[in-house]
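Enquirer: Following this note's numbering, the residues of the sequence shown are numbered contiguously, the last one being 594. Every residue, glycine too, gets a C-beta built ideally from N, C-alpha and C. This one's a predicted model, so the numbers in the text were calculated from it and none came from an experiment.
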Amino acid sequence: MPRPRLLRDRSVARQVLLLQVGSVLLLVLIGILMASYDARRDSRSRATQRAVAVAQTVADSPTVSEALASVDPTPQLQPWTERVRRDTDTDFVVVMALDRTRYTHTDPTQIGRPFVGDLGGAPEGEVFTQEYTGTLGPSVRSVVPVEDDGRVVALVSVGITVSDINRGLRRDVTIVALVGGLVLIVGVGGAVLLSRRLHRLTHGLGEQELARMYEYYSAVLHSVREGLLLLDGEGRVQLVNDEARRLLALPDDVIGTPIEELGLAPGLVAAARARTAESDDLYLAGERILVVSSAPARWEGRDVGSVVTLRDHTELRSVTGELEVVRRLTESLRSQNHESANRLHTVVSLIEMGRSEDAVAFATDELHLAQLLTDQVVDAVDDPVVAALLLGKSAEAAEHGVDLRVEGELPPDSGVPARDLVTVLGNLLDNAFDAVGPVTERRVQVTLGGGPVGDAHTVRIIVGDSGPGLPPGDTERVLDRGWTTKATPGTGRGLGLALVVQVARRHGGSVDVGRSDLGGAEFTVLLRPTGSPS
Numbered sequence: 061m062p063r064p065r066l067l068r069d070r071s072v073a074r075q076v077l078l079l080q081v082g083s084v085l086l087l088v089l090i091g092i093l094m095a096s097y098d099a100r101r102d103s104r105s106r107a108t109q110r111a112v113a114v115a116q117t118v119a120d121s122p123t124v125s126e127a128l129a130s131v132d133p134t135p136q137l138q139p140w141t142e143r144v145r146r147d148t149d150t151d152f153v154v155v156m157a158l159d160r161t162r163y164t165h166t167d168p169t170q171i172g173r174p175f176v177g178d179l180g181g182a183p184e185g186e187v188f189t190q191e192y193t194g195t196l197g198p199s200v201r202s203v204v205p206v207e208d209d210g211r212v213v214a215l216v217s218v219g220i221t222v223s224d225i226n227r228g229l230r231r232d233v234t235i236v237a238l239v240g241g242l243v244l245i246v247g248v249g250g251a252v253l254l255s256r257r258l259h260r261l262t263h264g265l266g267e268q269e270l271a272r273m274y275e276y277y278s279a280v281l282h283s284v285r286e287g288l289l290l291l292d293g294e295g296r297v298q299l300v301n302d303e304a305r306r307l308l309a310l311p312d313d314v315i316g317t318p319i320e321e322l323g324l325a326p327g328l329v330a331a332a333r334a335r336t337a338e339s340d341d342l343y344l345a346g347e348r349i350l351v352v353s354s355a356p357a358r359w360e361g362r363d364v365g366s367v368v369t370l371r372d373h374t375e376l377r378s379v380t381g382e383l384e385v386v387r388r389l390t391e392s393l394r395s396q397n398h399e400s401a402n403r404l405h406t407v408v409s410l411i412e413m414g415r416s417e418d419a420v421a422f423a424t425d426e427l428h429l430a431q432l433l434t435d436q437v438v439d440a441v442d443d444p445v446v447a448a449l450l451l452g453k454s455a456e457a458a459e460h461g462v463d464l465r466v467e468g469e470l471p472p473d474s475g476v477p478a479r480d481l482v483t484v485l486g487n488l489l490d491n492a493f494d495a496v497g498p499v500t501e502r503r504v505q506v507t508l509g510g511g512p513v514g515d516a517h518t519v520r521i522i523v524g525d526s527g528p529g530l531p532p533g534d535t536e537r538v539l540d541r542g543w544t545t546k547a548t549p550g551t552g553r554g555l556g557l558a559l560v561v562q563v564a565r566r567h568g569g570s571v572d573v574g575r576s577d578l579g580g581a582e583f584t585v586l587l588r589p590t591g592s593p594s
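1. Would you give the residue range spanned by the alpha helix (DSSP H) that E142 belongs to?
2. Roughly how many angstroms separate the alpha carbons of I220 and G91, rounded to a whole number?
3. For D494, which of helix, strand or coil comes out of DSSP?
4. With 16 other CB atoms within 10 Å as the buried threshold, where does Y163 fall?
5. Report buried or exposed for V446, applying the criterion of at least 16 other Cβ atoms within 10 angstroms of its Cβ.
6. Which residues in the same chain have their Cβ closer than 7 Å to the Cβ of A492, if we skip the five residues on either side of it in sequence?
7. Below 8 Å, can you find three or more Cβ-Cβ pairs linking the segment 146-156 to the segment 105-114?
8. Taking buried to mean at least 16 other C-beta atoms within 10 Å of its own C-beta, is E186 buried or exposed?
9. Going by C-alpha distance, which of Q562, H517, S570 and A495 is nearest A581?
10. Identify the continuous alpha helix (DSSP H) that holds G91 and give its terminal residues.
11. Among G579, T193 and L215, which residue has its Cα nearest to the Cα of P531?
12. Thinking I319 and G287 are a contact (beta carbons under 8 Å), I'd like their distance in whole angstroms, please.
13. Can the beta-carbon of R333 be found less than 8 Å from the beta-carbon of L350?
14. If I follow the unbroken beta strand (DSSP E) through V124, where does it start and stop?
15. By a C-beta neighbour count over all protein chains shown, 10 Å radius and 16 as the cutoff for buried, is V571 buried or exposed?
16. Select from H460, P174 and A129 the residue whose C-alpha is nearest the C-alpha of G501.
17. Residues in its own chain within less than 6 Å of V88 by CB, not counting five upstream and five downstream?
18. Does the distance from the CB of P183 to the CB of V212 come in under 8 Å?
19. Tell me, to the nearest whole angstrom, how far the beta carbon of L324 is from that of L299; I am working on the premise that it is less than 8 Å.
20. Helix, strand or coil: how does DSSP classify V243 here?
21. Does DSSP classify D232 as helix, strand or coil?
22. Let me know the secondary structure DSSP gives P472 once reduced to three states.
23. Would you list the residues sitting across from F152 in a DSSP beta bridge?
24. Between the alpha carbons of P477 and D490, how many angstroms are there, rounded?
25. Among F152, R101, V233 and R106, which one has its Cα closest to the Cα of G194?
26. Please classify S283: does DSSP put it in a helix, a strand, or coil?
27. Which word fits V72, buried or exposed, when buried means at least 16 other C-beta atoms lie within 10 angstroms of its C-beta?
28. Any heavy atom of the ligand FMN closer than 7 Å to the CB of S474?
29. Whole angstroms is fine: what's the gap from P64's alpha carbon to L78's?
30. When the Cα of R575 is compared with those of Q80, G250, H567 and T584, which residue comes out closest?
31. Going by DSSP in three states, T483 sits in which element: helix, strand or coil?
32. Please classify D302 as buried or exposed, where buried requires at least 16 neighbouring CB atoms within 10 angstroms.
33. Keeping to the same chain, check which residues put their C-beta closer than 6 Å to that of E467; ignore five residues upstream and five downstream.
34. Take P472 as the anchor and find which of S454, G509, G497 and A448 has the nearest alpha-carbon.
35. Can you have a look at H282 and say buried or exposed, based on whether 16 or more other CB atoms are within 10 angstroms of its CB?
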């Protein structure tokens, strides 16, 4: 059966407030009723005990024994018992004969008349108590024997009227009610404060809205293909979906852990903790290239944390990087074609001018230089793909006025795929060409070699340049995991070092940055294929 709409529309905070107020009110009422019942029972019990104690004291008094020995005990006992009644705050003290004849009474007109009420076992020496309606109205009374040498000679009855007991009971109940009212005020006040806090936390939403939001949140969180990471103001992970766990290799108990303790890339951590929005920055996280967007999360003007979205562009960016290498190689071939066309036109022009010997000499010199460069590259590299890359880079360097030199040789059968060598050499040379662009003396040195003696599989590639070098701060950060390249979206550039580091890690190697003998930066890459000594 559907719940009333009025209750559904109430916020969770208001429902909790009503529930708490109702619970506190019910508990206070039950407490007051139970306390009143206990007070009533205790007041009757205390009155009975007091009546018994006064009656026994009167029965044991020598004054009573002496008066009973006389012919008329009333003149001696009546003033004395009245004084006892007033001092003990009881309502009547009656001394009677065994035949119920009263010797004393609060109302003197009742003296000499028979006692009204039960005697129980008092004539046999027992103490008897009861609640009975006598001449003074309902009362709690006790009857005790007066003994002389073990023989019962008279009876004493002491009573406290119910109206007197009720006056004391009303006083006790009033105190209980005041305490209950104070508890009710404190309880309602606490419920109001809790409701206000709950209202702030739930933003005044009802349970249906909260349930719907949670269902949608859970469905969206686990169905989106992008990684989602939410941090609070202290940088602790508060929410992470399955894709983010996969991309960042996060543990299952990551919730509540500071992001600095997750072993993520320093650049990625800095982006997540940033107080400004960042869009589509590229980071290297382990073996993955991630496109990361981050933005601060604010609510009602308060900074409550940050939101980080992650997209896996590893394969796409790797292919893009390789395409960039191919594009550069194509440009190198175009440069070679352009240069060859110029030389051919020169030879043809010399022949047309009738200077055949000069044409032959010029062509011979050009062929000799080209052959020397080709022989140098072929001697250094067995792989035709890598050799073609270096030849193309040589032509590109010549076109841009860069003195490119290749020394050493790669170990044969190193086990490193030509694709990875092209990625490393192509990206390092592109960075070196860019670095020497602003300087006058443009030189780039490539040194190829292997590992230590006995290690025939390790490949060492060193690329140095005569550029301005890296600033001190960037020298330490450039190879950090996840250092952002700030690539322009859509260009495919800016991922060179990330791809080089990725290749090196895949082959169990390393990338080091230092200062080149030429004056600029120098990158040293070690590649150790699986199975080679480390």
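Expert: According to the structure data:
1. T134 to T148
2. Taking C-alpha positions only, I220 is separated from G91 by approximately 28 Å.
3. helix
4. buried
5. Around the beta carbon of V446, a 10 Å sphere encloses 16 or more other beta carbons of the protein chains shown; the residue is thus reported as buried.
6. V504, V523 and D525
7. Three or more beta-carbon pairs drawn from the segment 146-156 and the segment 105-114 are found closer than 8 Å, and the two stretches are therefore classed as touching.
8. exposed
9. A495
10. V72 to A119
11. It is G579.
12. Going by Cβ atoms, the distance from I319 to G287 rounds to 13 Å, so no, they are not a contact pair.
13. no
14. Segment P122 to A129 is the alpha helix (DSSP H) holding V124; no beta strand (DSSP E) there.
15. buried
16. Note that residue 501 is Glu in the sequence shown here, rather than Gly. Of H460, P174 and A129, the residue nearest in Cα terms is H460.
17. G240, V243 and L244
18. Cβ distance < 8 Å, so P183 and V212 count as in contact.
19. Under the criterion of beta carbons closer than 8 Å, L324 and L299 do not qualify as touching, at roughly 16 Å.
20. helix
21. DSSP places D232 in helix when its eight states are reduced to three.
22. Coil, per DSSP.
23. G219
24. Looking at the two C-alpha atoms, the distance is approximately 20 Å.
25. F152
26. helix
27. buried
28. No copy of the ligand FMN appears in this structure; indeed no ligand is present at all.
29. Any reading at P64 needs caution, since the residue's pLDDT is 45, under 50, leaving its predicted position unreliable; the model's value is listed next. Whole-angstrom Cα-Cα distance: 16 Å.
30. T584
31. helix
32. exposed
33. T507
34. G509
35. exposed
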